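Take a look at the structure set out below.
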Amino acid sequence: MSIIFKNRKVTIMNKAQQFKKLHVKGKPLILFNIWDAGTAKAVEKSGAKAIATGSAPVAFANGFVDGEVIPLDLVIANIERISLATNLPLTVDLEGGYGKDVEIVAETVIRAVEAGAIGFNFEDQIVGATELYDISVQSKRISAARRAAKIDIFLNSRTDLFLKTAPEAHNELLLNAAIERSKAYEQAGADGFFAPGLADERLIERLCLASPIPINIIALPHVPENKILTKLGVSRISYGPVPYRKMITWFELMAKEVL
52 MSIIFKNRKV
62 TIMNKAQQFK
72 KLHVKGKPLI
82 LFNIWDAGTA
92 KAVEKSGAKA
102 IATGSAPVAF
112 ANGFVDGEVI
122 PLDLVIANIE
132 RISLATNLPL
142 TVDLEGGYGK
152 DVEIVAETVI
162 RAVEAGAIGF
172 NFEDQIVGAT
182 ELYDISVQSK
192 RISAARRAAK
202 IDIFLNSRTD
212 LFLKTAPEAH
222 NELLLNAAIE
232 RSKAYEQAGA
242 DGFFAPGLAD
252 ERLIERLCLA
262 SPIPINIIAL
272 PHVPENKILT
282 KLGVSRISYG
292 PVPYRKMITW
302 FELMAKEVL
């Protein structure tokens, strides 16, 4: 093993430890999601404590739709460019790991970590389908991802329970299902639990109280503002595709003014 590789591995491990410490109830980590090296530099300059990609903005910025359509080679190359452009911890969105089998998931994680990621989102929806993986199956996938990383990365397990269910049906039964998944995923090796689509204050607070790992909520337009999420016990607030959508809307308006 070369000196350069050893030093890079130590740096990644240190950043991973630093990133974990940023997940605190009452003082949530704010992640303004980026999609390339340029936006990573802009967010770092703005005072961010960490950098996070989103699968949708990365896909859109490269001319693809979301949902593992963008080639994995391009995703990995993008991770490496971003990691070399910033000194901050970098967490990335690996969607469903680009495969159902644990071997494929493991290989995806290995490549992401080697490219410079110190954490990643890993979702339980079956990409391209309407259902979720069974808890036992997803737990095995999480365990495989954890083992593959080799270093103590931050594995942010995502459940699509709330995105797959209409908001008016977000109730106690669905919350209990989410809590069950958070506990199972923690046992499998997850460090965080991401519940995109959840906006009900009472349910968010209950999830934060019941989950054994930090809760991540996405700041969509219908979601309570950040200071309320902080009071509810959220430890991580991300912005997903929102920054990209606002940027591209502005870009189109500016183009129309001169064309």
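The numbering of the sequence shown is the numbering used here, which starts it at 52 and goes up by one.
All C-beta atoms, glycine included, are put in the ideal place defined by N, C-alpha and C.
In this text, all values refer to a predicted model and were calculated from it rather than measured experimentally.
- Judged by DSSP secondary structure, G89 falls within the alpha helix (DSSP H) whose first and last residues are 88 to 96.
- For E119, the secondary structure class from DSSP, reduced to helix, strand or coil, is coil.
- Taken through DSSP and simplified to helix, strand or coil, T181 comes out as coil.
- In the structure shown, D124 adopts helical secondary structure according to DSSP, grouped into three states.
- Beta-bridge pairing by DSSP links R198 to no other residue.
- Here Q189 has D175 as same chain residues with Cβ atoms under 6 Å from its own Cβ, once five neighbours each way along the sequence are excluded.
- DSSP places A166 within a helical segment (H, G or I) once states are collapsed to three.
- By alpha-carbon distance to S262, the top candidate from R209, K278, E119 is R209.
- Sequence-distant partners of L304 (beyond 5 residues in either direction) whose C-beta falls short of 8 Å from its own C-beta are missing from its chain.
- Around the beta carbon of I202, fewer than 16 other beta carbons sit within 10 angstroms, so the residue counts as exposed.
- For G98, the closest alpha carbon among the candidates N113, N138, P122 is that of N138.
- Shown here, A67 sits in a helix according to DSSP, grouped into three states.
- Scanning its chain for C-beta atoms nearer than 8 Å, with the 5 sequence neighbours on each side dropped, one finds around Q68 the residues D203, in chain order.
- Pairing S286 with P79 gives a Cβ-Cβ distance under 8 Å.
- Assignment of E256 by DSSP, reduced to helix, strand and coil, places it in the helix class.
- In the three-state reduction of the DSSP assignment, L139 falls in the coil class.
- Note on geometry: alpha-carbon atoms of T142 and A168 lie some 6 Å from one another.
- Taking the Cα of C259 as reference, the smallest distance to any Cα among N65, E276, P275, I230 is reached at I230.
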